[in-house]
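Residue numbers (the UniProt record's numbering): 1 to 565. Don't be surprised by glycine CBs; every beta carbon is placed ideally from N, CA and C.
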Amino acid sequence: MRGGGGEQAMNFSSRTSQMRGSSDLTSEPCHPEISEEIQCIVSVAGGATRAALTMHQARRNNMADVSAKDGSQLCLLCFYNMCFLSSCTCGTSTGGTGQAPGTGVHFQGVAAVFALSVQAVSAEGSGQHEAEALIPVQKMSRQVVRSSKFRHVFGQPAKADQCYEDVRVSQTTWDSGFCAVNPKFVALICEASGGGAFLVLPLSKTGRVDKNVPMVCGHTAPVLDIAWCPHNDNVIASGSEDCTVMVWEIPDGGLVVPLREPVVTLEGHTKRVGIVAWHPTAQNVLLSAGCDNVILVWDVGTGAAVLTLGPDVHPDTIYSVDWSRDGGLICTSCRDKRVRIIEPRKGTVVAEKDRPHEGTRPVHAVFVSEGKILTTGFSRMSERQVALWDTGDSSIRYFEITSEAPFLHYLSMFSSKESQRGMGYMPKRGLEVNKCEIARFYKLHERKCEPIAMTVPRKSDLFQEDLYPPTAGPDPALTAEEWIGGRDAGPLLISLKDGYVPPKSRELRVNRGLESSRRKAAPEAGGTPSADAMSRMEEEMRKLQATVQELQKRLDRLEEALEAK
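Dropping the structure here:
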């Protein structure tokens, strides 16, 4: 692609269909008070509208996390580990129909949002721009204020006595949130000697954390990622450098002694496990991704890996994995610079995007509302695109996603004094509706965890139905067997009108017989069974031989009885 002092766009490809077109892109800032420039491409599958928005500024070091939860219209982009969003340049577009360039790029029914760079390639040229899969964008009139129910959202850091002080947050080099939150507990990955550990505290147990507080410490190497089960607030999964995934059950009230024995250990990866993600609607279905370039989908109830996406799907390190809202698809980003939409039960790549960002830094991709996809990455010149790397950032930018062009609207920014090490996001059912709280982040500092509430000011004390549409509840919509069998279902929704009370602890049922038999049958590394496995096999052989002898004696007696007749 080329252009003189102009723009370039990136090709969006699908395994099933591809469309090309060309146009010029023009836009002007809708927020002139902000100096940075942002650009995003919003693509609606099969539709005729597209919007554009991008951002420039060179930074160094890490990636960003993007959070758009519960199908809400509010898209909260929470940039931790050195990243922030600075301004927006919005555009609207109208396109043609049929085979015209205005036709949306087909993602086999999956809409996508890609953050793409539009930048000058050289200082000289003919001024002609070559664009692919991009429809004309009309100039948007400046509008300082647009009507939005989220317009006056503000962030409120918790007071010192409501923070979790003196926490030794993990210094492991890994792109993770290091924090997971639900309506009962906050979990933090911590520094630990002699293995991996993470801290689990009841939300109400704020203040200074004792140095001898009991932790979850069953891993033999540092913990890289943790995730609470969306259907059981007492169950949490962890992935570690020891190549295992462990599922833990936390008692109500928190830990009183160190927890060393998991409910189930999931073994299948050959290298460290850096990503764990629960299925949003199916019970006991857990996904893990390791540095062996393998994604495994587990039935936690049996401890078995029911689906495997091997290195033939991802030839290099997997940077991010995210489930779609109904769990029928997953979106992944890989070191090979491709973003893929995968149907995990079939093991097929539904669609993919090659090089959504030209830079060499990691790209992240997540599903947002209505099946769209948002990516974060860097340009070839290390210019940030919706996210950047830096020595630290202390800001949260929030946006609203609407169903009409230009789809993505910058709202405001929350800033604090200290940069964040990581971030956890409270599910919508854990928010305080009587305070009009629409989001709550748990911001990790070097030595503490600070809750930050995002609130919409309202005069009325009544329940605000426009802020709290029905949201995903704790009950699963499917069993693991139903999902493996091919069924999909959206989450079971609950109303927050009367508030949410976390249910009592639910027992995580695991078929230990299947797990133990599988462990007995699995040889150790190198193909040689262990001494314990050999002794168990010998004992089973003796029992089988005794059974055969007993059956032989019965057969002999029957033959003698027949001969006597």
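Cβ pair residue 334, residue 312 closer than 8 Å = no
Using the C-alpha atoms, what's the distance from residue 542 back to residue 565?
-> 35 Å
Counting only runs that start and end within the UniProt repeat "WD" (216 to 258), where is the beta strand (DSSP E) found for 3 or more residues in a row?
-> Within the UniProt repeat "WD" (216 to 258), the complete beta strand (DSSP E) segments of 3 residues or longer fall at 216 to 219, 223 to 228, 235 to 240, 244 to 249, listed in chain order.
Which residues bound the alpha helix (DSSP H) around residue 482?
-> 480 to 484
If we ignore side chains and look at the alpha-carbon of each, how far apart do residue 550 and residue 248 end up?
-> Taking the CA atoms as reference points, residue 550 sits about 44 Å from residue 248.
In or out: residue 250 buried (at least 16 other Cβ within 10 Å) or exposed?
-> buried
Indicate whether the contact test is met: 3 or more Cβ pairs, each with one atom in the region 446 to 461 and one in the region 484 to 500, closer than 8 Å.
-> no
Consider the Cβ of residue 479: report whether some Cβ of chain D lies at a distance smaller than 8 Å.
-> Judged by its chain identifiers, the structure shown contains no chain D, having just a single protein chain.
Please classify residue 553: does DSSP put it in a helix, a strand, or coil?
-> helix
Over what stretch of residues does the beta strand (DSSP E) that includes residue 449 continue unbroken?
-> DSSP places residue 449 inside the beta strand (DSSP E), whose first and last residues are 448 to 455.
Excluding the 5 residues preceding and the 5 following residue 269 in the sequence, name in chain order all residues of the same chain whose CB lies nearer than 6 Å to its CB.
-> 243, 290, 292
Within the chosen definition, does the region 497 to 505 reach the region 338 to 356 through at least 3 CB pairs nearer than 8 Å?
-> no
Taking the C-alpha atoms as reference points, what is the distance between residue 183 and residue 378?
-> 35 Å
CB of residue 285 within 8 Å of CB of residue 477, strictly | no
Shortest alpha-carbon distance to residue 360 belongs to which of 342, 539, 382?
-> 382
Distance, Cα to Cα, residue 169 vs residue 222?
-> 12 Å
Should residue 294 go down as buried or exposed, given a rule of 16 or more other Cβ atoms within 10 Å for buried?
-> buried
For residue 430, which of helix, strand or coil comes out of DSSP?
-> helix
Using a threshold of 8 Å, state whether the C-beta atoms of residue 239 and residue 276 are closer than that.
-> yes
Give the single residue among 218, 187, 203 whose Cα lies nearest to the Cα of residue 227.
-> Selected option, being the one with the closest Cα: 187.
Thinking just about the alpha-carbon of each residue, which of 349, 341, 400 is nearest to the one in residue 375?
-> Checked all of 349, 341, 400; the closest Cα to residue 375 is 341.
Taking residue 152 as the reference, which of 260, 420, 412, 497 has the closest Cα?
-> 412
Output yes or no for whether 8 Å exceeds the beta carbon distance between residue 465 and residue 453.
-> Taking 8 Å as the cut-off, the beta carbon of residue 465 is found no closer than this to the beta carbon of residue 453.
Could you tell me which residues DSSP pairs with residue 285 in its beta bridges?
-> 299
Please list, in chain order, all residues of the same chain as residue 534 whose beta carbon is under 8 Å from its beta carbon, the five residues on each side excluded.
-> none
Proximity of residue 580 and residue 396 at Cβ, strictly below 8 Å = Outside the shown range of the chain (1 to 565) lies residue 580, about which nothing can therefore be said.
Close beta carbons around residue 492, own chain, < 6 Å, minus the five adjacent residues each side | 473, 475, 477
Beta-carbon proximity check, residue 219 vs residue 195, cutoff 8 Å | yes
Residue of 206, 197, 367, 158 minimising C-alpha distance to residue 332 | Taking only the C-alpha atoms, the option nearest residue 332 is 367.
Sequence-distant residues of the same chain with beta carbon closer than 8 Å to residue 149, five excluded per side | 456, 466, 467
Residues bridged to residue 463 by DSSP?
-> Answer is none; residue 463 lacks a bridge partner.
To the nearest angstrom, how far is it from the Cα of residue 191 to the Cα of residue 160?
-> 23 Å
Residue 281 to residue 328, Cα distance in whole Å?
-> Rounded to whole angstroms, residue 281 to residue 328 spans 10 Å at the Cα level.
By a C-beta neighbour count over all protein chains shown, 10 Å radius and 16 as the cutoff for buried, is residue 305 buried or exposed?
-> Residue 305 comes out buried.
Local conformation of residue 443 per DSSP, three classes = If DSSP states are grouped into helix, strand and coil, residue 443 belongs with the strands.
Rank 185, 258, 357, 172 by C-alpha distance to the C-alpha of residue 336 and give the top, closest one.
-> Each of 185, 258, 357, 172 was checked against the Cα of residue 336, and the nearest Cα belongs to 357.
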